[in-house]
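With the working numbering applied, the sequence shown covers 362 to 668.
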Amino acid sequence: MASAPHPGSPGWAGLMEAPTAGPGLPPPGPEGDSDGAGSPSAHSSMTTRELQEYWRGEKGSWKPVKLLFEISSARIEEERLSRFVMYQIVVIQTGSFDSTKAVLERRYSDFQTLQRGLARAFPEEIEDVAFPKKQLLGNLAPGLIAARTRAFRDYLRQLHAIRCVRRSREFIDFLTRPELREAFGCLRAGQYVRALELLGRALPLQEKLTGHCPAAVVPALCAALVCHRELERPLEAFAAGERALERLRAREGHRYYAPLLDAMVRLAYALGKDFVSLQERLEASQLRKPGPRGLTLKELVVREYLG
362 MASAPHPGSP
372 GWAGLMEAPT
382 AGPGLPPPGP
392 EGDSDGAGSP
402 SAHSSMTTRE
412 LQEYWRGEKG
422 SWKPVKLLFE
432 ISSARIEEER
442 LSRFVMYQIV
452 VIQTGSFDST
462 KAVLERRYSD
472 FQTLQRGLAR
482 AFPEEIEDVA
492 FPKKQLLGNL
502 APGLIAARTR
512 AFRDYLRQLH
522 AIRCVRRSRE
532 FIDFLTRPEL
542 REAFGCLRAG
552 QYVRALELLG
562 RALPLQEKLT
572 GHCPAAVVPA
582 LCAALVCHRE
592 LERPLEAFAA
602 GERALERLRA
612 REGHRYYAPL
622 LDAMVRLAYA
632 LGKDFVSLQE
642 RLEASQLRKP
652 GPRGLTLKEL
662 VVREYLG
């Protein structure tokens with residue numbers, strides 16, 4: 362039996378995928394998961410029995426993550442001619458020790474943008490959720506800052522208690538998008554160490570918020586793979602890729618599936634790992650979805666969070 366061609370050899374097929382949507386690539390996060398939240402793709406090669414076993418496993422393994430929101434502090438920030446208050450939000454998973462608590466900062470206008478988006482999407486669901494009103498004067502008074510700190514804490518807790526809201530693009534973007542956008546910007550600028558630092562802060566929270574849709578974190582995991590690979594850390598890159606592939610189980614039609622497999626084949630070969638099984642998966646995917654050469658993983662990743 363002839364041995365499988367290795368990456369870069371004359372017999373290596375490389376990455377073959379149908380053209381992407383062009384400039385209008387699906388956005389990252391939950392809204393970019395066009396196959397449906399957490400569902401196998403239409404191109405899945407699983408049999409009916411395998412799909413049934415897959416869904417039973419998913420149903421038994423995934424449990425909603427309970428999160429606790431706190432506003433740990435507030436500080437006055439000066440920017441050019443304006444002054445405003447930055448609220449530090451701490452998000453902790455309850456029920457067990459959480460070594461990956463998230464710490465992020467948002468200002469009143471960020472909360473206001475969230476409220477407006479949710480009011481458009483879920484007017485009835487959030488009609489009883491109180492939002493602190495804007496005041497023209499006295500916004501920097503210690504008493505008002507303290508009152509708003511408590512109000513924003515209660516606001517976030519009430520929102521998270523509403524199932525459709527905590528799964529919404531608006532809520533998840535409020536908590537993760539600024540950090541992810543900065544991380545991808547650093548990646549595009551070649552600042553890979555800084556990008557990994559930001560991804561390390563944002564990814565754990567994104568995973569907690571999107572347990573119902575595991576593929577939502579794939580762009581960020583692939584960004585981590587690219588950063589580690591550019592920093593010549595193949596083991597870390599491969600580990601990030603394995604996490605991403607796990608979240609694409611039964612999702613062969615996902616836009617990241619083929620580019621990720623192609624990158625993983627090359628990493629596995631360089632590390633002396635089993636690349637043949639990965640190559641076979643890639644070839645099977647190409648047979649189900651033939652087409653001209655698509656984007657590489659890095660080319661796909663750098664297009665995220667451009668808007």
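From the three backbone atoms N, C-alpha and C, an ideal C-beta is built for every residue, glycine too.
{"Check": "Quick one: is D635 buried, meaning 16 or more other Cβ sit within 10 Å of its Cβ, or exposed?", "Outcome": "exposed"}
{"Check": "For L442, count neighbouring Cβ atoms within 10 angstroms of its own Cβ and tell me buried if that reaches 16, exposed if not.", "Outcome": "exposed"}
{"Check": "How about R542 and L501: do their beta carbons lie closer than 8 Å?", "Outcome": "no"}
{"Check": "Mind checking which residues open and close the beta strand (DSSP E) that includes R538?", "Outcome": "Premise fails: R538 lies in the alpha helix (DSSP H), R530 to R549, not in any beta strand (DSSP E)."}
{"Check": "Does the beta-carbon distance from L479 to C583 come in below 8 Å?", "Outcome": "no"}
{"Check": "Q496 by DSSP, collapsed to three states: which one?", "Outcome": "coil"}
{"Check": "Beta-carbon separation of E568 and V578 under 8 Å?", "Outcome": "yes"}
{"Check": "Inspect the CB distances between the segment 591-611 and the segment 619-627 and report whether three or more fall short of 8 Å.", "Outcome": "yes"}
{"Check": "Buried or exposed: where does G614 fall if 16 or more other Cβ atoms within 10 Å of its Cβ makes it buried?", "Outcome": "buried"}
{"Check": "Can you tell me whether P380 is helix, strand or coil according to DSSP?", "Outcome": "Because the pLDDT at P380 is just 35, under 50, the model does not fix this residue reliably, and the value given afterwards should be weighed accordingly. Residue state, collapsed to three classes: coil."}
{"Check": "Note down the Cα distance separating L429 from I533, rounded to an integer number of angstroms.", "Outcome": "15 Å"}
{"Check": "For L566, count the other beta carbons within 10 Å of its own beta carbon; 16 or more makes it buried, fewer makes it exposed. Which is it?", "Outcome": "buried"}
{"Check": "Between which two residues does the alpha helix (DSSP H) harbouring R509 extend?", "Outcome": "P503 to H521"}
{"Check": "Check whether the Cβ of T571 lies closer than 7 Å to any heavy atom of the ligand PLP, and answer yes or no.", "Outcome": "No copy of the ligand PLP occurs in the structure displayed, which carries no ligand at all."}
{"Check": "Using DSSP with H/G/I as helix, E/B as strand and the rest coil, what is Y448?", "Outcome": "strand"}
{"Check": "Put F636 into one of helix, strand or coil per three-state DSSP.", "Outcome": "coil"}
{"Check": "Between L648, A556 and L632, which has its C-alpha nearest V662's C-alpha?", "Outcome": "A556"}
{"Check": "Closest by CA to I432, which one among P595, A508 and V637?", "Outcome": "A508"}
{"Check": "Tell me whether the beta-carbon of L560 lies closer than 8 Å to the beta-carbon of A544.", "Outcome": "yes"}
{"Check": "Can you list, in chain order, the residues of its chain with a C-beta nearer than 8 Å to that of C525? Leave out the 5 residues immediately preceding and following it.", "Outcome": "F483 and E486"}
{"Check": "In whole angstroms, give me the CA-to-CA distance for R649 and L517.", "Outcome": "44 Å"}
{"Check": "Might you give, ordered along the chain, the residues of its own chain that have their beta carbon closer than 7 Å to the beta carbon of I437, omitting 5 neighbours on each side?", "Outcome": "R444, V446 and L501"}
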